[in-house]
Amino acid sequence: MRGLALRVWRGLLAMDVISRLARMTPEAKIETLQKLIQEKKREIENLEEEIAELELQIKPPKQSEAAKNLREGEAA
Numbered sequence: 120m121r122g123l124a125l126r127v128w129r130g131l132l133a134m135d136v137i138s139r140l141a142r143m144t145p146e147a148k149i150e151t152l153q154k155l156i157q158e159k160k161r162e163i164e165n166l167e168e169e170i171a172e173l174e175l176q177i178k179p180p181k182q183s184e185a186a187k188n189l190r191e192g193e194a195a
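Here you go:
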C-alpha cells in the first residue's frame, strides 16, 4: 500500500513539475530541474540504504578465518 501511495504522489509531483515548466522562464526551469535532480539523488540514496538493510537481513554475517579455526579447534 505504501508503494502505491508513493507512486501516486510521485505522479502528482511530476504533473505539477511539468505544468510549472510550461510557464517558466529558462532560468526558473533550470533551477527547478536542478532541485528535482537533487530530490531524485536523495531518493536513490534512500533506496540504496533500504537495499543494504535488506541484504544484511538475508545474508548471514561472514565469519573470519580465525573464528572458524577456533571453533574447529574447540570441536576436536
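Start counting at 1 in the sequence shown, then tack on 119, and there's your number in my numbering.
Where is the CB? At the ideal position from N, CA and C, for every residue including glycine.
Straight through space, the alpha carbons of E172 and K160 are spaced by roughly 18 Å. Going by DSSP, R161 is part of the alpha helix (DSSP H) stretching over 145 to 177. The C-beta separation of V136 from L155 comes to about 6 Å, placing the pair in contact by the 8 Å criterion.
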